[in-house]
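Peer 1: Encoded as structure tokens, here's the structure I'll be asking about.
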Amino acid sequence: MTGGEAPEPRRGVRYRTVASFPRAELAHLLAGRLRAEGIEAIVEDLVSDDAYRGIPAFVGRGIEVLVPEDRFAEAEEIVRAIERG
């Protein structure tokens, strides 16, 4: 990983979805916050067809933020804190 590139999933690490969003921008904001807290976060765009870029993913699971399973509880608490404001 160099510069501002997002990390790739590591082999042998189990990931869990900590949040999902209809728009990629929101998923990337959360992933950035988690990374700032020292938690690996990967944005999985389940609507990757170029024909649908920029259209909210209201159908299906949309854009998910994944974290290593062993950091899930910590990441989930950060998500809750954000939701509480």
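Just so you know, the sequence shown maps onto residues 95 to 179 in the numbering used here.
Positions of the beta carbon are idealized from the N, C-alpha and C atoms, including for glycine.
In this text, all values refer to a predicted model and were calculated from it rather than measured experimentally.
I'd like the span of the alpha helix (DSSP H) that includes isoleucine 176, first residue to last.
Peer 2: Element bounds for isoleucine 176: 166 to 178.
Peer 1: If you check the beta carbons only, do isoleucine 133 and glutamate 168 fall under 8 Å apart?
Peer 2: In contact: isoleucine 133 and glutamate 168 (Cβ atoms closer than 8 Å).
Peer 1: Given a cut-off of 8 Å, decide if glutamate 138 and glutamate 158 are closer than it, judged by their beta-carbon atoms.
Peer 2: Yes, the pair counts as a contact, with Cβ atoms nearer than the cut-off.
Peer 1: Near histidine 122, what residues of its chain come up, given a Cβ to Cβ distance below 7 Å and the 5 sequence neighbours on each side ignored?
Peer 2: Excluding sequence neighbours, histidine 122 sits near Val137.
Peer 1: Look at the Cβ atom of isoleucine 172, then the Cβ atom of leucine 128, and state whether they are nearer than 8 Å.
Peer 2: Yes, the Cβ-Cβ distance between isoleucine 172 and leucine 128 is below 8 Å.
Peer 1: Candidates Gly179, Arg165 and Arg105: which alpha carbon is nearest threonine 111's?
Peer 2: Nearest of Gly179, Arg165 and Arg105 to threonine 111, Cα basis: Arg165.
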